[in-house]
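In the UniProt record's numbering, the protein residues as written are 1 to 286.
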Amino acid sequence: MDRHGQEEEGGKGVAQPSEQLIVANESVTFAVKVAGQGEPVVYLHGAGGLTWDPFLDELSNHYQVIAPHIPGTGNSSGLENIRDLWDLVLCYYDLFDGLGLDSATVIGHSLGGMIALELAASDQSRVKQIVAIAPTGLFKEEEPIPDLFAMLPNEVATIMVVDTASPVAEMLRYMPRETEKRIEATIQRMQNMQAAAKFLWPIPDKGLGRRMHRIKAPTLLIWGQQDRFIPVSYAEDFCRGIIHSELVVINQAAHLVTLEQTEQVLEAVKGFVGAYQDDAYGRVNG
Numbered sequence: 001m002d003r004h005g006q007e008e009e010g011g012k013g014v015a016q017p018s019e020q021l022i023v024a025n026e027s028v029t030f031a032v033k034v035a036g037q038g039e040p041v042v043y044l045h046g047a048g049g050l051t052w053d054p055f056l057d058e059l060s061n062h063y064q065v066i067a068p069h070i071p072g073t074g075n076s077s078g079l080e081n082i083r084d085l086w087d088l089v090l091c092y093y094d095l096f097d098g099l100g101l102d103s104a105t106v107i108g109h110s111l112g113g114m115i116a117l118e119l120a121a122s123d124q125s126r127v128k129q130i131v132a133i134a135p136t137g138l139f140k141e142e143e144p145i146p147d148l149f150a151m152l153p154n155e156v157a158t159i160m161v162v163d164t165a166s167p168v169a170e171m172l173r174y175m176p177r178e179t180e181k182r183i184e185a186t187i188q189r190m191q192n193m194q195a196a197a198k199f200l201w202p203i204p205d206k207g208l209g210r211r212m213h214r215i216k217a218p219t220l221l222i223w224g225q226q227d228r229f230i231p232v233s234y235a236e237d238f239c240r241g242i243i244h245s246e247l248v249v250i251n252q253a254a255h256l257v258t259l260e261q262t263e264q265v266l267e268a269v270k271g272f273v274g275a276y277q278d279d280a281y282g283r284v285n286g
């Protein structure tokens with residue numbers, strides 16, 4: 001699958017990926033964005049939906065990035081046929097089969113990070129490495145995660161970024177002026193939230209904490225130091241629960257660390273994935 005197109009998105013020079021529909025099973029079809037060449041990396045997006053942003057664009061300069069829309073968002077379908085998180089995990093295994101991936105490196109942000117960890121805990125053979133960026137999946141009564149589904153877009157922006165006047169914050173608050181496009185954007189946001197709520201509401205703890213010990217894949221956790229949505233203290237709980245894990249905390253970044261500190265996140269990902277690949281090569285050829 002070759003890197004596709006060079007149309008600009010918002011004048012920022014972000015190349016547009018190709019999109020294909022993959023029938024995972026008789027109930028669910030995934031719309032999958034693909035760009036880049038080399039080692040396949042599956043990217044699982046968060047509750048805000050999938051946007052081909054500068055982080056994914058830069059990532060696709062180093063890997064073949066495969067980014068599916070969660071069912072019920074984008075052109076993916078079948079959310080109504082998925083009963084719970086376990087059903088969703090099985091659908092992603094079916095997607096891997098449809099993509100010809102016996103095992104893959106999986107990068108996930110927020111909700112996508114939780115899904116990545118669940119994939120690795122449920123079937124240890126399907127995930128080579130994990131990069132979990134501020135994943136959901138745990139809940140602490142003494143430090144509860146805010147209810148994302150009770151917030152307005154401008155309220156979300158205040159907890160997702162460090163600088164609420166930054167371009168990233170403006171992007172979160174942005175709504176088109178044209179009535180038709182505004183309605184379309186509102187519907188898209190509602191669909192994204194509806195899909196995420198099915199797996200995160202009323203609290204995002206669906207038992208991952210009881211399964212984390214099963215994760216054998218090398219795991220990199222990345223967190224923004226100023227994350228006010230999922231505080232960095234949660235990272236310590238994930239590190240304690242996942243055997244082969246390491247943590248990178250990035251300053252001047254909140255929950256949307258991939259957009260606020262793109263280069264630092266990218267360097268951490270490349271270093272982690274590359275180190276594991278080099279180690280695996282050495283074990284085979286040493």
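Note that CB positions come from ideal geometry on N, CA and C, so glycine has one too.
Taking the alpha carbon of residue i as the point to measure from, which residue in the options has its own alpha carbon closest?
i    : options                  : result
T219 : V269, D53, T158 and R182 : V269
Y234 : E142, Q129 and D147      : E142
F149 : V273, A24 and A195       : A195
E19  : E267, G108, I66 and Y43  : I66
A204 : I159, Q37, E26 and G46   : For the sequence presented, residue 204 should be read as Pro rather than Ala. Checking every option, the nearest Cα to that of P204 belongs to G46.
N61  : Q37, K140 and L117       : Q37
D237 : Q252, K140 and I159      : K140
L101 : L59, D147 and Q64        : Q64
C91  : T158, E118 and P146      : E118
Can you give me the C-alpha to C-alpha distance between residue i and residue j, rounded to a whole angstrom?
i           : j    : result
H69         : S76  : 6 Å
G207        : P144 : 16 Å
residue 291 : L259 : In the structure as shown, the chain starts at 1 and stops at 286, and residue 291 therefore has no counterpart that could be examined.
Q124        : I215 : 7 Å
I250        : V162 : 12 Å
A217        : V257 : 23 Å
A35         : M212 : 31 Å
G113        : S166 : 25 Å
L172        : V28  : 29 Å
S122        : E178 : 45 Å
Y276        : H244 : 12 Å
L266        : N25  : 33 Å
L95         : E263 : 30 Å
A134        : E180 : 34 Å
D57         : T164 : 24 Å
L152        : M190 : 11 Å
K33         : W52  : 8 Å
Hey, residue i and residue j: beta-carbon distance below 8 Å or not?
i    : j    : result
P105 : E184 : A quick correction: the sequence has Thr, not Pro, at residue 105. It is not a contact, given that the beta carbons lie outside the stated cut-off.
L138 : G209 : yes
F272 : V89  : no
F199 : L85  : yes
I115 : L21  : no
I159 : R228 : yes
Apart from the five residues just before and just after residue i, which ones in its own chain have a Cβ nearer than 8 Å to its Cβ?
i   : result
K12 : Residue confidence for K12 is low, a pLDDT of 47 falling below 50, so the modelled location carries little weight; the figure read from the coordinates is stated next. Same-chain partners within the cutoff: P54.
G74 : A31, G49 and L50
By Cβ distance below 7 Å, which residues in the same chain neighbour residue i in space, the five residues on each side in sequence not counted?
i    : result
M175 : R182 and A185
A120 : V127, I130, I215 and A217
V168 : V161, L256, L259 and E260
E155 : none
N192 : A47, G48, G49 and T73
Who are the near neighbours of residue i in its chain, counting only those whose CB is closer than 6 Å to its CB and skipping five residues on each side?
i    : result
L247 : L221, A235 and C239
V42  : I66, A104 and V106
G241 : M212
Q226 : V162 and A254
Would you mind sorting residue i into buried or exposed? The rule is 16 or more other CB atoms within 10 Å of its CB.
i    : result
P202 : exposed
A280 : Note on A280: pLDDT 44, under 50, position unreliable in the model; no value is reported.
N81  : exposed
Q188 : exposed
P71  : buried
G224 : buried
A197 : exposed
G274 : exposed
Using only the heavy atoms of the ligand ATP, determine whether one of them is closer than 7 Å to the beta carbon of residue i.
i    : result
M171 : The ligand ATP is not among the ligands present in this structure, which contains no ligands whatsoever.
Is there at least one Cβ from chain D nearer than 8 Å to residue i's Cβ?
i    : result
E260 : Any reference to chain D falls outside this structure, which holds one protein chain only.
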